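Below is one structure; the comments refer to it alone.
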Amino acid sequence: MSLPLPSSPAPLTTQVAIVGGGPAGLMAAEWLSQSGVQVDLFDTKPSVGRKFLLAGRGGLNLTHSEPLPRFQARFAERSEWLSPLLEDFSPDALRAWAQGLGIETFVGSSGRVFPTDLKAAPLLRAWLHRLRQQGVRFHMRHRWLGWADAAAEGHSPALRMATPDGERLVQARATVLALGGGSWSRLGSDGAWLPWLQAKGVDVAPLRAANCGFDVAPTGLDHTHWSEHLRSRFAGQPVKPVSLSFTDLQGHTRQQQGEFVLTDTGVEGSLIYAFSAAIRDRIAAEGSATVHLNLLPSHSAETVLTETRRARGPRSLSTHLKSRLGLQGLKMALLHELLTPEQLNDPHALALALQALPITLSAARPMDEAISTAGGVRFEALDTQLMLRALPGVFCAGEMLDWEAPTGGYLLTASLATGRQAALGALAHLKLAEPKHT
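If you count the sequence shown from 1, position 211 lands on 210 in numbering that gives the first Met the number 0, and the numbers rise without skipping.
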């Protein structure tokens, strides 16, 4: 007796299909479901919000409290496109939205905004509870495979979904794609969608690492990045406080104080991330990029030169710099790593290096290690409601759009704002009223 062949899951028909269960997709689901729209949300993982939860491990940075014009300017050349969306869903609106979920927030000393308990899980639980109450249907372990060949009248092209039970078609009147970029692929954002959109005539920029670490150029005869001594003793340790200066391809020099972390192969951390786009672009254009570190940002150049010129007698250089300038540990090790013996023993050269120590970076770390990615669907491929001009009824939101911003709450705020805008665009496409939202 032969067994029956397994059948594929039955096709699903809905008003709006959302592909991607990150912040942008969830926000789109919220605004759509408030209008009574039937929303079906699909995600390749067993649960939604995985990258969101990971981002909250060290304290969930929701947004930033700086004035809105300065906030909008953080998006550089894409600020013109994103500014109207950020006016409609501003950092203050985000805080009010979180409060509506029962999550109180506070402003930290850096201006960043956090939940009072610093955790992501309570916010996500409250959010998902509200979405389920509003009728959103969640379909986990559904991986998008692109589109079927034909579309029913009045619908966007049917979506092909790989499920544990076989391939399934999803027919929706409108689709919101919120697929993320190309970083942290184990959490679901792997950039596999790029060729499918390109095949449909969508203008897509290649994905690139953003808010990422960098490898240093080889420093020794063994062609390794750092010396074994530096790696074995100091990898994983922070360098602080320091001030970093860098000149971008346009000739603009910027300086910022903060801290970063020494890695086995180079550098990473918040101060590096603040310059990562400019560093990445210079490496792409010229093969390397050199940053300059002021290891003593609280000291004047005159003070540093006075102390390096001061006679030290029988004391070693390390002992002298520690007693006179407070320099020790990793900072002292970096001097020995990057300067020649002649420079170390020349008071003028040493003083210059203490306030402008050059570190040459040769490559960004792999994209999958980056906090976020640049590239994706260009805004020129979208209308003002984030609908693809090449695919009417298909909207895009979140990190899959071609924008980037530093860490500090900007990434999450823009993802939520674009999710909201895509939802409003879908409502307009369906000719439904915008929901009343507090």
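Glycine included, C-beta positions come from ideal geometry on N, C-alpha and C.
None of these values were measured; they are calculated from a predicted model.
Exposed unless 16 or more other CB atoms sit within 10 angstroms - verdict on residue i
i	result
Ser1	Caution is warranted here: a pLDDT of 46 is assigned to Ser1, below 50, making its placement in the model unreliable, and the coordinate value is therefore given only provisionally. Per the 10 Å Cβ criterion, exposed.
His138	buried
His63	buried
Asp263	exposed
Ser322	exposed
Ser297	exposed
Leu220	Confidence at Leu220 is low in this model, with a pLDDT of 47, below 50, so its placement is unreliable and the value that follows should be read with caution. Under this definition Leu220 is an exposed residue.
Ser46	exposed
Ser315	exposed
Leu53	exposed
Under 8 Å between C-beta atoms of residue i and residue j
i	j	result
Leu61	Thr104	yes
Gly392	Arg172	yes
Arg167	Pro68	no
Val201	Ala23	no
Met160	Phe70	no
Ser275	Glu258	no
Leu415	Phe88	yes
Leu455	Met366	For residue 455 there is no data in the structure shown, the boundaries of the chain being 0 and 437.
Arg142	Thr13	no
Gly48	Leu25	yes
Ala362	Phe213	yes
Ala425	Val15	yes
Residue i (DSSP reduced to helix, strand or coil)
i	result
Pro391	coil
Gln256	strand
Gly418	helix
Lys239	strand
Asp164	coil
Thr437	Note that Thr437 has pLDDT 44, beneath the 50 cutoff, so the model's placement of it is unreliable and the number below is only indicative. Of the three classes helix, strand and coil, the one that applies to Thr437 here is coil, per DSSP.
Thr246	strand
Ala380	helix
Trp402	coil
Glu267	strand
His335	helix
Ala209	strand
Leu431	coil
Phe274	helix
Gly200	coil
Leu158	strand
Phe105	strand
Trp225	coil
DSSP beta-bridge partners of residue i
i	result
Ile358	Val290
Gln170	Thr12
Val18	Phe41 and Leu176
Asp214	Gly265 and Ala362
Ser371	Ala209
Phe88	For Phe88, which the question treats as bridged, DSSP gives no partner whatsoever.
Do the region 11-25 and the region 178-192 meet, that is, are 3 or more Cβ pairs less than 8 Å apart?
yes
Touch test, the region 394-408 against the region 302-309, Cβ-Cβ under 8 Å, three pairs minimum
no
Contact between the region 192-200 and the region 29-40 is defined here as three or more beta-carbon pairs at a separation below 8 Å; is this criterion met?
no
Any contact between the region 325-344 and the region 274-291? By contact I mean 3 or more CB pairs, one from each, below 8 Å.
no
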